[in-house]
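Take 35 as the starting number for the sequence shown in our numbering and just add one per residue. No residue lacks a Cβ here, since even glycine has one placed at the ideal position from N, Cα and C.
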Amino acid sequence: EYGSWIDHVLGWWAHRDDDNVLFLKYEDMKKDLPCAVQQIAKFLGKDLSPEMIQRIADQTTFTAMSDGKGRFYDNEPDYLKLKTPGATKFLRKGEVGDWKNYFTDEQNRRFDEMFEKERMAISGLEIEF
């Protein structure tokens, strides 16, 4: 069984200033992918030209990644395949907040309530839904 998403995120958030941890949010990548690529390069100790950063960003947009037909299923070695019979697509829409469309209104209300009541509200971590 899986644990709490909030506990998982806060566990990593506590180490956000460690030299070997890069805390990068999907929402930030959607806002400014070249900036996220630059952060990743810096974290890895790589000095990339602005042209290379843009090239990487262009090739790693949600659209570019999802257009690679078969990339996530057909061409992978068996031990890396994430697909199981009847499973949903690995990639959905690539939209910030789309996950809420997969839950009922009651489930969303309960998550929002837990999110506010638990440590997330006092952690200083801002997450956009």
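Test item: CB-CB of residue i and residue j under 8 Å
{"i": "E85", "j": "E162", "result": "no"}
{"i": "L67", "j": "T95", "result": "yes"}
{"i": "L82", "j": "A91", "result": "no"}
Closest by C-alpha distance to residue i, when choosing among the options
{"i": "D52", "options": "F77, G37 and Q72", "result": "F77"}
{"i": "V71", "options": "D81, G37 and I87", "result": "I87"}
{"i": "R89", "options": "D139, E147, R143 and C69", "result": "C69"}
{"i": "N54", "options": "G79, K64 and D41", "result": "G79"}
Cβ separation of residue i and residue j, assumed to be a contact under 8 Å, to the nearest whole Å
{"i": "S157", "j": "L58", "result": "Not confirmed; about 17 Å, so no contact."}
{"i": "L159", "j": "W39", "result": "The pair is not a contact, with the Cβ atoms about 12 Å apart (cut-off 8 Å)."}
Where the alpha helix (DSSP H) through residue i begins and ends
{"i": "F32", "result": "An answer regarding residue 32 cannot be provided, because it is not within the stretch 35 to 163 covered by the chain."}
{"i": "T138", "result": "Premise fails: T138 is in no alpha helix (DSSP H) and is neither H nor E."}
{"i": "R89", "result": "P84 to Q93"}
{"i": "L44", "result": "W39 to W47"}
{"i": "F96", "result": "F96 to S100"}
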